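I have placed the structure first, in the form of structure tokens, so that the comments after it can refer back to it.
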């Protein structure tokens, strides 16, 4: 607390919308020295003339202050307030439009004894890099050097994952999207465009996607031509054979590529099977964007290296089409395209991960509760209390990667 | 300690708002021949169909999506906190509400908005300004209005006067049909000061709702999308939206919050179009850019 008994307090807060007023004032008082307002997308604090403007906001959709156990939550600085509001806004991306949360994809039936589990594609180097990455994140990085180390580790993991684990993820996600096309309650044309955009994105990342109608098979080839995975997709029986044409290679396009929304890419069960036991199931990459960038506990909750893959794919999926490798220059091993791709995705992820500014602050637990509440649809207050009982970070991974 | 009328004997008098306006004009029109003409101009502007005196409620994107989904606007008494736990009931809120809504009125039956003459409302409360229809079935004639943000009454200088809070509020309140126009005229005319020129629609619009300063409306009962005249957006937000989309098209990776903000605005566009709600980009002065 500052010498004159003043702290920063949130006066009014539209959590889901990222609008907030905060004042420097004594606890429970309306005698504010200054009052600031922040809002998305920039979250640049601007002073307002009167605290009355903040209080009037609570007449509508702004909650009154920020409370924990009937006490107003104090902040040491305006920067801490802004970080809380910004991260809650990101977390609110779990509920993008007020519609019920999208269903978490059900596990697909095992493909048979020859099925390659993603965990088996994690080599020693990758596993060791993942442990380093996790350690750096848990220790926190406030300096540019620390952030650069974190980014380099991410880039290394992305580069290693692109030939094998990324196609594995993409294949499973396409299976899920193909299955959804057979549901009668969806707009098939909209869904098909989304799938088409995702397949285009996979191609720009160096993968080749094939749909074999007669054999009801999906095949995803890696950027390294000799590698690939195949899936049985019985749902193809319910789609017209002409549908396979969406995967036909078109080397030159006259129209702008469609940007793929992360909210339409399902996260396959296999890539969150362990993590969801201790955290919460996350339906799509869009929901993951919200969770992972809002809740500092998400990354350490990942139980195995292969379950980090959705986050790495998210980084790749956020790269705008304009700077993806041209189809003629696939990101093969050792190529400058692969390095550039990995660096760009890693830089975005490193910047997007929650900072440690709120370490030890009640807001950190509240953000975790807020996000898991949105994912699970549980009562906010109960979850917040449960979260604050154990305010510590999740345990370190044991050697071997799985708890 | 001073009394209310010491602050301004005309403005804070016990007379009805129309009489206060007349007194104000009598006091000042000898020095400013434009005052009466401007008073008439505000009246014309207030009755214009494109501008008009209306109630507006600003909402950010998610709040607007929930409003459209639930088909009903909720006030503070109907909401739970989205983050953290339920706080202690604010003593300030209870005092102000008690003064605003003496029995048999109840605060939980009222929904707050701002009076508009064109424009996009109070931007601090949301980037979308939901403007209600001016029909009496939506805004009854006896709807309570206050010449300012009701919380202003608990801050200096109004908090320092001899009169108790209920008396201060009593002096500042009026009704939609009889008092809003004189209140609006007084706010606009005092904003124009001694300017020797006629007020334009844009000037009047800005003077009535300027930045943090607004005339408060306490609508009895909630409202739904069917009661909405139109939804207004500011060019500034439209420009940010276009800029983010252009930056992405040029190959810049957006931050998570930029991404979510942009995606939500697309969701709002989609929902409003699906429901046939009229959406317009309007500059602060109440004019449509094109």
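Protein chains in written order, with our numbering: chain R, 31 to 433; chain W, 177 to 466. Backbone N, C-alpha and C fix where the C-beta goes; we use that ideal spot for every residue, glycine too. As the structure is a computational prediction, the values presented were derived from the model and not from experiment.
query, result
"Residue range of the unbroken beta strand (DSSP E) whose run includes residue 65 of chain R", "64-68"
"Near-chain W residues of the segment 113-146 of chain R (beta-carbon distance less than 8 Å), N- to C-terminal order", "116, 118, 119, 120, 122, 123, 125, 126, 127, 128 and 129"
"Any C-beta of chain R under 8 Å from that of residue 437 of chain W", "yes"
"Residue 334 of chain W, enclosing alpha helix (DSSP H) - first and last residue", "Careful: residue 334 of chain W lies outside any alpha helix (DSSP H) and carries neither H nor E."
"Identity of the residue in W/413, W/198, W/282 and W/222 nearest residue 360 of chain W by Cα", "W/222"
"Residue 125 of chain R versus residue 210 of chain W - alpha carbon distance", "53 Å"
"Selected residue, minimal CA-CA separation from residue 387 of chain R, among R/48, R/86 and R/106", "R/106"
"Beta-carbon gap between residue 296 of chain R and residue 237 of chain R smaller than 8 Å", "no"
"Residue 241 of chain R, DSSP secondary structure in three states", "strand"
"Residue-chain proximity (residue 83 of chain R, chain W), Cβ-Cβ < 8 Å", "yes"
"Near-chain R residues of the segment 247-258 of chain W - C-beta to any C-beta below 9 Å", "249, 250, 251, 252, 255, 256, 257 and 258"
"Distance CB(residue 92 of chain R)-CB(residue 77 of chain R) smaller than 8 Å", "no"
"Within-8 Å CB hit, residue 429 of chain W to chain R", "yes"
"Those runs of the alpha helix (DSSP H) which lie wholly inside the segment 292-361 of chain R and span at least 4 residues", "305-308, 315-324, 328-331 and 339-347"
"Cβ of residue 77 of chain R within 8 Å of any chain W Cβ", "no"
"Nonlocal neighbours in the same chain, by C-beta distance under 8 Å from residue 135 of chain R, ignoring five residues either side", "206, 296, 297, 298, 299 and 313"
"Collapsed DSSP secondary structure at residue 127 of chain R in the structure displayed", "coil"
"Where the beta strand (DSSP E) containing residue 53 of chain R begins and where it ends", "49-55"
"Through-space distance from residue 100 of chain R to residue 277 of chain W, alpha-carbon basis", "27 Å"
"Beta carbon proximity, residue 157 of chain R to chain W, threshold 8 Å", "no"
"Proximity of residue 200 of chain W and residue 272 of chain W at Cβ, strictly below 8 Å", "no"
"Which listed residue (R/333, R/47 and R/233) has its alpha carbon closest to that of residue 351 of chain R", "R/233"
"Beta-ladder partner(s) of residue 291 of chain W, from DSSP", "W/231"
"C-beta neighbour in chain W for residue 242 of chain R, strict 8 Å", "no"
"Chain R contact for residue 433 of chain W (CB, 8 Å cutoff)", "yes"
"Beta-carbon separation (whole angstroms), residue 241 of chain W vs residue 443 of chain W, contact threshold 8 Å", "6 Å"
"Among W/364, W/345, W/368 and W/321, nearest to residue 351 of chain W - alpha-carbon criterion", "W/321"
"Beta-carbon proximity check, residue 241 of chain R vs residue 266 of chain R, cutoff 8 Å", "yes"
"8 Å CB neighbourhood of residue 193 of chain R in its chain, flanking five on each side removed", "252, 253, 254, 257 and 363"
"Three or more C-beta pairs below 8 Å linking the segment 325-345 of chain W and the segment 82-91 of chain R", "yes"
"Any C-beta of chain W under 8 Å from that of residue 71 of chain R", "yes"
"Closer than 8 Å to chain W by CB, residue 57 of chain R", "no"
"Straight-line Cα distance separating residue 365 of chain R from residue 377 of chain R", "19 Å"
"Which of helix, strand or coil DSSP assigns to residue 386 of chain W", "strand"
"Candidates R/397, R/71 and R/196: closest to residue 437 of chain W by CA position", "R/71"
"8 Å Cβ cutoff, residue 262 of chain W in contact with chain R", "yes"
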